[in-house]
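Participant: Let me give you the structure first, and then I'll get to my questions.
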Amino acid sequence: MADLIAYFSRRYENYVNGAIRNLDVGNTEIAAGIVQTFTGADLFKIEPLQEYSRNYNECIAQAQADQRRGARPELKEYPKSLDQYDRIYLGYPNYWSTMPMAVFTFLEHFDFTGKIILPFCTHEGGGMGSSEQDIKRICPEAEVRNGLAIFGGSAEHSKEDIRTWIQQNRERQGGR
Numbered sequence: 002m003a004d005l006i007a008y009f010s011r012r013y014e015n016y017v018n019g020a021i022r023n024l025d026v027g028n029t030e031i032a033a034g035i036v037q038t039f040t041g042a043d044l045f046k047i048e049p050l051q052e053y054s055r056n057y058n059e060c061i062a063q064a065q066a067d068q069r070r071g072a073r074p075e076l077k078e079y080p081k082s083l084d085q086y087d088r089i090y091l092g093y094p095n096y097w098s099t100m101p102m103a104v105f106t107f108l109e110h111f112d113f114t115g116k117i118i119l120p121f122c123t124h125e126g127g128g129m130g131s132s133e134q135d136i137k138r139i140c141p142e143a144e145v146r147n148g149l150a151i152f153g154g155s156a157e158h159s160k161e162d163i164r165t166w167i168q169q170n171r172e173r174q175g176g177r
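Start counting the sequence shown at 2; every next residue gets the next number (my numbering).
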């Protein structure tokens, strides 16, 4: 069996360390790359067909509107199957105290029965929010492990936190 890192990340204007900055690579994508370095897992980027605005303030307004109406945005693509994966590292930024709605779309598309889901989230102060509970609700037959909240502005410096989190989860399942 193999591991998969499925993640949503947004570049362009982002709120980082108290200021709006333009990012060439989103913080969650940086964290996903670090997870891949330690696990060798396959990578899959969750991308909505209609991207959010490149402008930060417009993006957060769009994301909040999507959340309020329970939107399930169509994705550009999906993995053909998750059958070969027993462990899914699920990465996303904290949008209004949970995951972006595109991540809900991804989770609802597949059957995660018997899978281990390891959530990791980038944030600027909101931590994991309610995302772990939301994943458990959407994927009741999966084993959802404690997530890792990564301060977005420090994503590129989070290697040791990510390594420790991965090791703790591997030890918990006997090296599997």
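The beta carbon of each residue, even a glycine, is placed where N, CA and C say it ideally should be.
Being a predicted model, the structure only gives us computed values, none of them experimental.
Given F105, which residues of its chain have a CB within under 8 angstroms of its CB, disregarding the five upstream and five downstream residues?
Facilitator: For the purposes of this step, residue 105 is identified with residue 104 of the sequence shown, where counting begins at 1. Correct list, in chain order: R73, D135, I139.
Participant: Whose C-beta lies closer than 8 angstroms to the C-beta of R55 among residues of the same chain, with five residues either side of it excluded?
Facilitator: What you label residue 55 is simply residue 54 of the sequence shown in a count that begins at 1. Hits under 8 angstroms: Y13, E14.
Participant: Does the region 37 to 46 come close enough to the region 148 to 158 to have 3 or more Cβ pairs within less than 8 angstroms?
Facilitator: Because the criterion of three Cβ pairs below 8 angstroms is not met, the region 37 to 46 and the region 148 to 158 do not touch.
Participant: Just the C-alpha distance for A20 and K116, rounded to the nearest angstrom, thanks.
Facilitator: Your numbering for residue 20 matches position 19 in the sequence shown. Your numbering for residue 116 matches position 115 in the sequence shown. If I take the Cα positions, the gap works out to 38 angstroms.
Participant: Does the distance from the C-beta atom of I163 to that of A32 stay below 8 angstroms?
Facilitator: For the purposes of this step, residue 163 is taken as the residue at position 162 of the sequence shown. For the purposes of this step, residue 32 is taken as the residue at position 31 of the sequence shown. Contact: yes.
Participant: Starting from N58, trace the alpha helix (DSSP H) both ways and give me its first and last residue.
Facilitator: The residue labelled residue 58 in the question sits at position 57 within the sequence shown. It spans 57 to 69 - the alpha helix (DSSP H) in which N58 sits, taken as one unbroken run.
Participant: Indicate whether K77 and L108 have their beta-carbon atoms separated by less than 8 angstroms.
Facilitator: Within the sequence shown, residue 77 is the residue found at index 76, counting from 1. Within the sequence shown, residue 108 is the residue found at index 107, counting from 1. Cβ distance not < 8 angstroms, so K77 and L108 don't count as in contact.
Participant: Measuring straight from C-alpha to C-alpha, what distance separates L91 and L119?
Facilitator: Residue mapping note: residue 91 aligns to position 90 of the sequence shown, counting from 1. Residue mapping note: residue 119 aligns to position 118 of the sequence shown, counting from 1. The straight-line gap from Cα to Cα measures roughly 6 angstroms.
Participant: Let me know if P141 comes out buried or exposed under the rule of 16 or more other beta-carbons within 10 Å of its beta-carbon.
Facilitator: The residue you call residue 141 lines up with position 140 of the sequence shown. By the 10 Å Cβ count, P141 comes out exposed.
Participant: In terms of residue numbering, what span does the beta strand (DSSP E) encompassing V36 cover?
Facilitator: Translated into the one-based positions of the sequence shown, residue 36 becomes position 35. It is not in any beta strand (DSSP E) - V36 instead sits in the alpha helix (DSSP H) that spans 28 to 40.
Participant: Measure the C-alpha to C-alpha separation of Q85 and G153 and round it to an integer number of angstroms.
Facilitator: Here residue 85 refers to the residue found at position 84 when the sequence shown is read from its first residue. Here residue 153 refers to the residue found at position 152 when the sequence shown is read from its first residue. Approximately 31 angstroms between the Cα atoms of the pair.
Participant: Distance check for A150 and F45, CA to CA, integer angstroms please.
Facilitator: For the purposes of this step, residue 45 is taken as residue 44 along the sequence shown, with counting starting at 1. For the purposes of this step, residue 150 is taken as residue 149 along the sequence shown, with counting starting at 1. Their backbone Cα atoms lie some 20 angstroms apart in a straight line.
Participant: Check the DSSP bridge columns for C122 and list the partner residues they point to.
Facilitator: Taking the sequence shown and counting its residues from 1, the one referred to as residue 122 is at position 121. C122 is bridged to Y93, A150.
Participant: From the DSSP output, in three-state form, read off I47 for me.
Facilitator: Here the question's residue 47 lines up with position 46 in the sequence shown. In the structure shown, I47 sits in coil (DSSP, three-state: anything other than H, G, I, E or B).
Participant: Considering only the beta carbon of each residue, do A103 and I47 sit closer than 8 angstroms?
Facilitator: Along the sequence shown, read from residue 1 onward, the residue named residue 103 stands at position 102. Along the sequence shown, read from residue 1 onward, the residue named residue 47 stands at position 46. The answer is yes: Cβ separation under 8 angstroms.
Participant: Leaving out five residues before and five after L24 in sequence, what residues of the same chain have Cβ atoms less than 6 angstroms from its Cβ?
Facilitator: Position 23 of the sequence shown, counted from the start, is the residue given in the question as residue 24. R12, N15, listed in sequence order.
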